[in-house]
Every structure is written in structure tokens, then in C-alpha cells.
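All residue numbers for the sequence shown refer to UniProt numbering, where the first residue is 1 and numbers rise by one.
Cβ atoms here follow ideal geometry from the backbone N, Cα and C, with glycine treated the same way.
Working notes, structure below.
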Amino acid sequence: MNSLKRFQLPEQGTRQQEELDSVEPKNISDVVNFNSAGVFYVLGKVTNMQYRVYKACPFRSKGLICRRKLSDDNMCEACGQKAIAPIHTVFVRLLLQDVEQADIAQRVTMFSSVAEEFLGMKAAELLAKEKEPESLAKHLDDLIAVKLIAKVNIKANSQTYTGFDWIVNLFKKCPGKNDSDVPKEKDDDDAGDVDGIATKKAKKN
1 MNSLKRFQLP EQGTRQQEEL DSVEPKNISD VVNFNSAGVF YVLGKVTNMQ YRVYKACPFR
61 SKGLICRRKL SDDNMCEACG QKAIAPIHTV FVRLLLQDVE QADIAQRVTM FSSVAEEFLG
121 MKAAELLAKE KEPESLAKHL DDLIAVKLIA KVNIKANSQT YTGFDWIVNL FKKCPGKNDS
181 DVPKEKDDDD AGDVDGIATK KAKKN
């Protein structure tokens, strides 16, 4: 037995994976009906996706890279500095469909490393892959119909419209593409036990 093991930190992402393995996610429709802002675990199927690669701020604040979108002249509004060597990052928008009610779906957003993990490639790799459009399109098409368990941070948006933004902070892809392959929520309605569950009325397909 390796006595050193108990002193070593787990591999990166292990704790996050354990977090998702231990939750019982709710369906999209339940979160939509709750209609509030906060953090929630949700289960859904990807029915559409779009992405955008953009130049981001490389400066560090408190040890973390800023990664905010730069202006056309490479200025970061948050840092107040002009980036000489901007980095590239990616933004992904998904349409997640309720696994039981196909007429209910919700748009969610992924940023930076979360988006790259979903796509299976870094922003720079994605830009390079755009030179092979057919190959990239096939890769992206394979992500459609994938089921996800996602930890979403849902915030009220009052700047551009009245509603909620669903931001994915953490996710895992479920094995298989059938409803029987993914965990179901409990029969009892425990929505009231979760602080700040956030939802908004989703558009029908």
C-alpha cells in the first residue's frame, strides 16, 4: 500500500467529476418552472450548438488570467490596458432539450476552458481546424444529441434583455444517447430545498 497516496492531491478535475457523480440532476422543465436565479444541476440533450473564437485579455489579476473579450484595438475594458499579445478563447452556446418533454429547451453558454473541454480542443486548435471545414463540421456534428449533466449558474440579465443567462460552470457527458442511459431525478419534488434555483421560460422548438 502506498502510504504517500493520502498526502497527494487528486488529479485535476477529479473532485469536480466526483461532484457531478454524486448529484441527481433535474430536468430542464423543472428548472424553467422554478423561475429564479442561482446554481442548479440540470440534465439535458444537446440539440444545437454554435461557437465563436475571440481575442481575450492575457493580463493576470490576483494570479488569474483575465480572459475578457478585447475591443477591436485590443483594449481590455476591465484591466484598462492594451494587449500586445492577446490570447484566443472560445465561447459556445448550446440548446439543451428536456429529456422527457421535447418541446421544452433552454439556451446555455460555456466560456473558455469549459467550452474547450466540451469541444474537445483548445481555441487555437479550433482556429486551425477551420481550415478543414468538412472535418470540423463532422466533429461538431458528433456533439449533437449528446446528453449532459451540467452545473449551471443562472443570473438575471437586465442589461440587454429581461430574463436569465444560463452559464455552465461544470459538466459531464452521459454515456450513450438514450434516456435510459442517464440518471433520473427523484420522484419527490425537492425544488424548494435548493437555494436560488434559476430558470427562465424556454422557447419551444
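Non-local C-beta neighbours of residue 122 in its own chain, meaning closer than 7 Å and more than five positions away in sequence, comprise 116, ordered along the chain.
The three-state reading of DSSP puts residue 85 in coil, since its state is none of H, G, I, E or B. If you look at residue 170, you'll find it isn't in any alpha helix (DSSP H); it sits in the beta strand (DSSP E) that goes 163-173.
Taking C-beta atoms under 8 Å as the contact rule, residue 64 and residue 83 fail to qualify, at a distance of about 16 Å. Close CB contacts of residue 75 within its chain, under the 8 Å cut and outside five residues either way in sequence, are with 81, 82, 83 (chain order). Judged by DSSP secondary structure, residue 153 falls within the beta strand (DSSP E) whose first and last residues are 147-157. Taking C-alpha positions only, residue 41 is separated from residue 152 by approximately 6 Å. Nearest to residue 142 by C-alpha distance, out of 157, 150, 119, is 119.
Here residue 144 has 46, 47, 48, 49 as same chain residues with Cβ atoms under 8 Å from its own Cβ, once five neighbours each way along the sequence are excluded. Within the model, the alpha-carbon separation for residue 154 versus residue 102 is close to 22 Å. Within the DSSP secondary-structure output, residue 97 pairs in a beta bridge with 45, 105. By the 16-neighbour rule on beta-carbons within 10 angstroms, residue 25 is buried. By the Cβ-count criterion, residue 30 is buried, with 16 or more other Cβ atoms from all chains shown falling within 10 Å of its own Cβ.
Residue environment analysis places residue 98 among the buried positions, since at least 16 neighbouring C-beta atoms fall within 10 angstroms of its C-beta. Counted as a single uninterrupted DSSP element, the alpha helix (DSSP H) harbouring residue 129 occupies residues 123-129. Judged by pairs of C-beta atoms under 8 Å, the stretch 84-91 touches the stretch 49-62, as three or more such pairs exist.
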